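**Q** Residues in the sequence shown are numbered from 45 upward in steps of one, following our numbering.
In this text, a Cβ means the ideal position worked out from N, Cα and C, and glycines have one as well.
For clarity, every value in this text was computed on a predicted model and none was experimentally measured.
Got a structure for you, questions after.
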Amino acid sequence: MFLLNGSPLQVDVAFTFNGVKYPANWLRLSTAEEKAAAGITEVPDPVRYDDRFYWDAGLPKDLDDLKTEWNRRVDDVAYTMLLPSDWMVVRKQETGTDIPADWATYRAAVRSAAATHKTALNAATDIGGFVSVATTMQWPVNPNATI
């Protein structure tokens with residue numbers, strides 16, 4: 045990130061300073077010495093925090109609130125994964141036609157994965173552990189999926 049008098053400069057955007065107009069590509073093409081002579085400093089980009097878990101300032105969100113939200117997300121994912129095959133369950137109830145074994149196995153695996161994810165999320169005792177669990181959840185693949 046480039047700063048001029050403490051204000052950020054956008055790369056590929058023309059700017060004017062002290063009556064001098066700089067073209068949009070100037071920051072890319074100029075040397076470090078030319079930037080320094082113009083009063084421009086380069087600083088590392090600010091750390092970007094994952095806004096699913098942190099506020100803009102890098103402060104972690106409330107762990108209990110995150111657990112509530114992510115448990116709901118897990119339920120939503122499981123619901124969405126099971127929904128396309130719900131008709132098979134209804135058909136079984138109404139006509140006695142068996143659910144294909146691969147689909148029965150898949151449906152059980154989705155429910156099991158959801159329970160495992162929720163248990164792991166709820167067991168997290170700090171934000172780091174929670175983020176690790178939330179970002180590594182694995183779900184079963186439906187029998188019709190092409191990989």
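To the nearest angstrom, how far is it from the Cα of Lys162 to the Cα of Asn115?
**A** Their Cα atoms are separated by approximately 6 angstroms.
**Q** Since Leu126 contacts Phe174 with CB under 8 angstroms, what's their CB separation in whole angstroms?
**A** Not confirmed; about 25 angstroms, so no contact.
**Q** Looking at Phe97 and Pro90, is the spacing between their C-beta atoms short of 8 angstroms?
**A** No.
**Q** Out of Thr179, Leu53, Thr149, which one is the CA nearest neighbour of Trp70?
**A** Minimum Cα distance to Trp70 is reached at Leu53.
**Q** By the 10 Å Cβ neighbour count, where 16 or more other Cβ atoms means buried, how is Ala178 classified, buried or exposed?
**A** Buried: at least 16 other Cβ atoms inside 10 Å.
**Q** Going residue by residue through the stretch 50 to 114, where are the continuous beta strand (DSSP E) segments of at least 3 residues, counting only ones entirely within it?
**A** Whole beta strand (DSSP E) segments, 3+ residues: 51 to 53, 59 to 61, 64 to 66, 84 to 86.
**Q** For Gly83, which residues from the same chain have a beta carbon less than 8 angstroms from its beta carbon, with the 5 sequence-adjacent residues on both sides left out?
**A** Excluding positions up to five away in sequence, the list reads Leu48, Asn49, Phe61.
**Q** Can you name the residues that DSSP bridges to Phe46?
**A** Paired residues: Leu53, Glu86.
**Q** On a Cα-Cα basis, can you pick out the residue from Pro88, Trp147, Arg155 that is closest to Ala189?
**A** For Ala189, the nearest C-alpha among the options comes from Trp147.
**Q** Please state whether DSSP places Ile171 in a helix, a strand or coil.
**A** Residue state, collapsed to three classes: helix.
**Q** Excluding five sequence neighbours on each side, which residues of the same chain lie with their C-beta closer than 6 angstroms to the C-beta of Arg135?
**A** Thr141, listed in sequence order.
**Q** Span of the alpha helix (DSSP H) holding Gln182?
**A** Looking at the DSSP string, Gln182 is not in any alpha helix (DSSP H), and its letter there is neither H nor E.
**Q** In whole angstroms, give me the CA-to-CA distance for Ala58 and Ala76.
**A** For Ala58 and Ala76, the distance between alpha carbons rounds to 18 angstroms.
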